[in-house]
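Read in order, the letters of the first sequence are residues 106 to 759 in my numbering.
For each residue, glycine too, the CB sits at the ideal point set by N, CA and C.
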Amino acid sequence: MADGFELFSDRNVVAMRVNGELKDLAATVTDGDAVEPVIIDSPDGLDILRHSAAHVLAQAVQNINPETKLGIGPPIKDGFYYDFDPEEAFTPEDLKALTKEMQRIIKQGQRFVRRVVTEEEARAELASEPYKLELIGLKGSNPGDDNESVEVGGAELTIYDNVDPKTGEVCWKDLCRGPHLPNTRLIGNGWALMRTAAAYWRGSEKNPQLQRVYGTAWPTKEELRDYQTRLEEALKRDHRKLGVELDLFSFPDEIGSGLAVFHPKGGIIRHEMENYLREQLLKADYELVNTPHITKGQLFETSQHLNWYKDGMFPAMHLDEVKDDAGKVIKPGQDYYLKPMNCPFHNLIYRARARSYRELPLRLAEFGTVYRYEKSGTLAGLTRVRGLTQDDAHIYVTDEQVSDEIKRQLEFVFETLRGYGLSDFYLELSTRDPEKFVGSVEQWETAEAMLQKIGEESGLDLVADPGGAAFYGPKISVQARDAIGRTWQLSTVQLDFNQPELFELEYAAADGTRKRPVMIHRALLGSIERFFAILLEHYAGAFPVWLAPQQVVGIPVAEEYGEYLDGVIAQLRERGVRAEVDHSFDRMPKKIRTHTKAKVPFQLIAGEDDRSAGAVSFRFRDGSQLNGVPVAEAIERIVNAIKSHEQVNTAWQD
RNA sequence: GCCGACUUAGCUCAGGGGUAGAGCAAUUCCCUCGUAAAGAAUAGGUCACGGGUUCAAAUCCCGUAGUCGGCUCCA
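So, in structure tokens, the structure goes:
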């Protein structure tokens, strides 16, 4: 018999795992138990640290206002939150006061003491905490989600008392599964309160909203600072900020929320992105189609979009209604809708004439602009908009072709994404939502097993997303990691069991019978706008040369050399390079500063030395130089960098 | 949609019941310059919009729109 304090003298051990279960250090273990230490900077240790910090936050809140009711307070990625039901929403000043109170509690070194209680005892002690009582009621009947199980997820109900180490007095208590740090002092100074927000109780819109306080916590102050630096870095490459700074796009209020305009510099990037994709599509045997932006409602009745997604669609335009003088309708009108998806249109192209098995797989691709009435609170920069252009493809195949076609699609996706400079991928398999699906369970299971197999054969990590599929079929999606490690869901390859039925799509099989094709939805970039934002953040605005709005700027050392540079730049423009000479009256260092800030990949500088040698001097984004490069060679290198999609931030080494 | 914060010049921001401020950008002049900001002058704002309170509102109050942070949602 011993407790964790006796077993582990290392102060970085904050808890222990006994026979696989996390326990407080104060728990006692016997000889037969398998005991492992939990170090504070392990994933478990960080969770415990953060969860304990959440308790301190809650104590601080109730110390300041005892009337505030408690919700839940779990650890999350990089930190923690705690939900409260206060009289009034928290203000920034409240956060300051809470921080002070938390510091006091942490300094006091209160011990976290675990105590098993019966349900009756818990109900009595927590009589004034309605949300906690609700959780106690849920225990057993419903395991709840991870965040709720932090409170009541254990085998027995427990309350943690926060005990003053000097007096032994109980300062505060909370229903909690634990484990916790031995005492609050271990929270140290590597934490901060971040922000407040509202959150629905137990994650449902139907429930009341609580006030959530987010915080972050780390084992040391240094790690906290590193985290804050990472946040600042992410903020610096925020596409909304870069979009303004680099003059790429804007969201004029006059047009409406979530509707972007692309300025010339953003427009040329989009153009290059789309051009490359179009070339890839044609190489991969896609056929390009075009469809209109609006349609009569009947199409979306056939496709069932009006049934499933009407709330997410812009309301109808009611056209062509004719009334007589008395106001009586003598000719009924028609409802037209902005399209939220392209697939019904592609189905009509498929159905425009009889199809033969010889035509399959039939791959129809379009940059189709769709409009979705996203809820106002969900809009965010270019990543969530109301008008977006999908690089949308629909592939019609026979049953036998499905598996090979999906493999081929994944290969195509990887190759194409690499061309944009993204190369770190994993896959996610979204499977049936038992609450919401069409078709038979067998059909789904067969398809899911097939996708699973293809995913595994790809050699990439395959993450399960149970219940994540849309109602009409399972989906395999490609997630890409960007330059600072964030992941984005990009390409999706999705089976559709529903629409071929709804549209009664058919083809003539080799034996002369009519069969139903399988439909695969495939979006490679998701939406052009969102992908634009992802690339912008991935590159922090410093695009590879082929995508850079301005690829080359000529900077004469003095006005006199402008003409010489004009000649060089003219040769580049002839080769299709976006290049200009800066003839402004700024001094040379100022021009360098201006174009460095604009993230132009190549600055070509020329003065007397270069002119007399028939050369130019390169300055790269990072300030490195390559001086006296003969003009012909300079041009070739630039053209090659564009052709090869090379990222150039520093001087070439060879 | 819900909760909260915010909205002042093209951009970043200060100010705050008594006729609107800075830096950068822009324009003009001046300097002729070798790798991240020469100097000077000028112009630029119904302080998001609409109402209210007040002798007086950019400032206080209410409403609307937009943005941001979350929640819910995301075909």
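| request: Counting only the same chain and skipping the five closest in sequence on each side, list residues whose C-beta sits under 7 Å from that of Lys732. | output: Taking the first residue of the first sequence as position 1, residue 732 is located at position 627. Sequence check: residue 732 is Asn here, not Lys. Same-chain partners within the cutoff: Ser722.
| query | What beta strand (DSSP E) runs, 3 residues minimum, are completely inside the region 488-543? | reply | 492-502, 530-535
| field | Alpha carbon of Pro197 to alpha carbon of Glu679, nearest angstrom | value | What you label residue 197 is simply residue 92 of the first sequence in a count that begins at 1. What you label residue 679 is simply residue 574 of the first sequence in a count that begins at 1. In a straight line, the C-alpha of Pro197 is about 57 Å away from that of Glu679.
| field | For Leu154, the first and last residue of its enclosing alpha helix (DSSP H) | value | Taking the first residue of the first sequence as position 1, residue 154 is located at position 49. Leu154 -> alpha helix (DSSP H) spans 148-169.
| query | Roughly how many angstroms lie between the CA atoms of Gln752 and Ala663, to the nearest whole one? | reply | The residue you call residue 752 lines up with position 647 of the first sequence. The residue you call residue 663 lines up with position 558 of the first sequence. If you take the alpha carbons of Gln752 and Ala663, they lie about 30 Å apart.
| request: Return the CA-CA distance between Ile589 and Thr135, expressed in angstroms with no decimal places. | output: Translated into positions along the first sequence, residue 589 becomes position 484. Translated into positions along the first sequence, residue 135 becomes position 30. When rounded, the distance between both Cα atoms is 46 Å.
| query | Can you check whether the CB of Asp138 is closer than 8 Å to the CB of Asn124? | reply | Taking the first residue of the first sequence as position 1, residue 124 is located at position 19. Taking the first residue of the first sequence as position 1, residue 138 is located at position 33. Closer than 8 Å, so yes.
| said: Measuring straight from C-alpha to C-alpha, what distance separates Arg477 and Lys444? | reply: Translated into positions along the first sequence, residue 477 becomes position 372. Translated into positions along the first sequence, residue 444 becomes position 339. Distance between the alpha carbons of Arg477 and Lys444: 8 Å.
| query | In terms of residues, what are the limits of the alpha helix (DSSP H) holding Lys237? | reply | Looking up residue 237 in the first sequence gives position 132. Lys237 -> alpha helix (DSSP H) spans 235-243.
| said: Leu487 and Arg635 - do their beta-carbons sit closer together than 8 Å? | reply: In the first sequence, counting from the first residue as 1, residue 635 sits at position 530. In the first sequence, counting from the first residue as 1, residue 487 sits at position 382. Yes.
| said: In whole angstroms, give me the CA-to-CA distance for Gln213 and Pro313. | reply: Looking up residue 213 in the first sequence gives position 108. Looking up residue 313 in the first sequence gives position 208. If I take the Cα positions, the gap works out to 35 Å.
| Within 10 angstroms of its Cβ, does Ser596 collect 16 or more other Cβ (buried), or is it exposed? | In the first sequence, the residue the question calls residue 596 occupies position 491. Result: buried.
| request: Whole angstroms is fine: what's the gap from Pro420's alpha carbon to Ser408's? | output: The residue labelled residue 420 in the question sits at position 315 within the first sequence. The residue labelled residue 408 in the question sits at position 303 within the first sequence. C-alpha separation (whole angstroms): 17 Å.
| field | For Asn252 and Ile88, the rounded distance between their alpha carbons | value | In the structure as shown, the chain starts at 106 and stops at 759, and residue 88 therefore has no counterpart that could be examined.
| query | In whole angstroms, what separates the C-alpha of Ile674 from that of Gly659? | reply | Counting from one through the first sequence, the residue named residue 674 turns up at place 569. Counting from one through the first sequence, the residue named residue 659 turns up at place 554. Each residue's Cα considered, the two are about 7 Å apart.
| Contiguous alpha helix (DSSP H) assignments of at least 4 residues, all confined to the region 593-676 | 604-607, 633-643
| request: Taking all protein chains shown into account, decide if Asn288 is buried (16 or more other Cβ within 10 angstroms of its Cβ) or exposed. | output: As a working note, residue 288 is residue 183 in the first sequence. The residue in question, Asn288, is buried, as its Cβ has 16 or more Cβ neighbours within 10 Å.
| message | With the cut-off set at 8 Å, would you say Val518 and Val583 are in Cβ contact? | response | Along the first sequence, one-based indexing puts residue 518 at 413. Along the first sequence, one-based indexing puts residue 583 at 478. Yes, Cβ-Cβ distance for Val518 and Val583 is below 8 Å.
| task | Using alpha carbons as the reference points, say which of Leu709, Ala614, Trp651, Ile435 lies closest to Pro661. | result | Start at 1 with the first residue of the first sequence, and residue 661 comes out as number 556. Pro661 has its Cα closest to that of Leu709, out of Leu709, Ala614, Trp651, Ile435.
| task | Tell me where the alpha helix (DSSP H) around Lys341 begins and ends. | result | Indexing the first sequence from 1 puts residue 341 at position 236. Lys341 -> alpha helix (DSSP H) spans 326-341.
| message | Please classify Arg282 as buried or exposed, where buried requires at least 16 neighbouring CB atoms within 10 angstroms. | response | Residue 282 sits at position 177 when you count from the first residue of the first sequence. Burial call: buried.
| task | Take Leu112 and list the residues in its own chain whose beta-carbon comes closer than 6 Å to its own, dropping the five residues that flank it on each side. | result | What you label residue 112 is simply residue 7 of the first sequence in a count that begins at 1. No residues qualify anywhere along the chain.
| If you draw a straight line from the C-alpha of His700 to the C-alpha of Arg591, how long is it? | Mapped onto the first sequence, residue 700 falls at position 595. Mapped onto the first sequence, residue 591 falls at position 486. Between His700 and Arg591, the C-alpha separation is close to 28 Å.
| message | By the DSSP assignment, the alpha helix (DSSP H) with Pro369 in it spans what residues? | response | The sequence position of residue 369 within the first sequence is 264, counting from 1. Residues 369-388.
| message | For the structure I just gave you, are there three or more beta carbon pairs, one from the region 501-513 and one from the region 537-551, closer than 8 Å? | response | no
| Using a Cβ-Cβ cut-off of 7 Å (strictly less than) and excluding sequence neighbours within five positions of Pro735, which residues of its own chain qualify? | Counting from 1 along the first sequence, the entry for residue 735 is found at position 630. Cβ neighbours of Pro735 beyond the five flanking positions: Gly719, Ala720.
| request: Could you tell me how far apart the beta carbons of Gly363 and Glu479 are, in whole angstroms, since I believe they sit closer than 8 Å? | output: Against the first sequence, residue 363 aligns to sequence position 258. Against the first sequence, residue 479 aligns to sequence position 374. Right, the Cβ-Cβ distance comes to about 6 Å (below 8 Å), so this counts as a contact.
| said: In whole angstroms, give me the CA-to-CA distance for Gln208 and Asn745. | reply: Numbered from 1 along the first sequence, position 103 holds the residue referred to as residue 208. Numbered from 1 along the first sequence, position 640 holds the residue referred to as residue 745. Their backbone Cα atoms lie some 58 Å apart in a straight line.
| field | DSSP three-state assignment for Asp108, whether helix, strand or coil | value | Counted from its first residue, the first sequence places residue 108 at position 3. Note: Asp108 maps to strand in three-state DSSP.
| query | Are the Cβ atoms of Lys278 and Asp266 separated by less than 8 Å? | reply | Numbered from 1 along the first sequence, position 173 holds the residue referred to as residue 278. Numbered from 1 along the first sequence, position 161 holds the residue referred to as residue 266. The answer is yes: Cβ separation under 8 Å.
| query | Hey, would you say Ile697 sits closer than 8 Å to Arg724, going by beta carbons? | reply | If you number the first sequence from 1, residue 697 lands on position 592. If you number the first sequence from 1, residue 724 lands on position 619. Yes, these two residues count as a Cβ contact at 8 Å.
| query | Arg290 and Ile181: beta carbons closer than 8 Å? | reply | One-based indexing of the first sequence puts residue 290 at position 185. One-based indexing of the first sequence puts residue 181 at position 76. Taking 8 Å as the Cβ cut-off, Arg290 and Ile181 do not qualify as a contacting pair.
| query | Cβ of Asp570 within 8 Å of Cβ of Ser528? | reply | Taking the first sequence and counting its residues from 1, the one referred to as residue 570 is at position 465. Taking the first sequence and counting its residues from 1, the one referred to as residue 528 is at position 423. Their beta carbons are not under 8 Å apart, which means Asp570 does not touch Ser528 by this criterion.
| task | Output yes or no for whether 8 Å exceeds the beta carbon distance between Tyr319 and Tyr186. | result | Sequence index remark: in the first sequence, residue 319 carries index 214 (1-based). Sequence index remark: in the first sequence, residue 186 carries index 81 (1-based). Yes.
| query | Based on Cα-Cα distance, which residue from Asp183, Glu206, Thr173 lies nearest to Ala194? | reply | As a working mapping, residue 194 is identified with position 89 in the first sequence. Comparing Cα-Cα distances from Ala194 to each of Asp183, Glu206, Thr173, the minimum goes to Thr173.
| Unbroken beta strand (DSSP E) run spanning Ile559, endpoints | Position 454 of the first sequence, counted from the first residue, corresponds to residue 559. That residue, Ile559, is in no beta strand (DSSP E); its alpha helix (DSSP H) goes 546-562.
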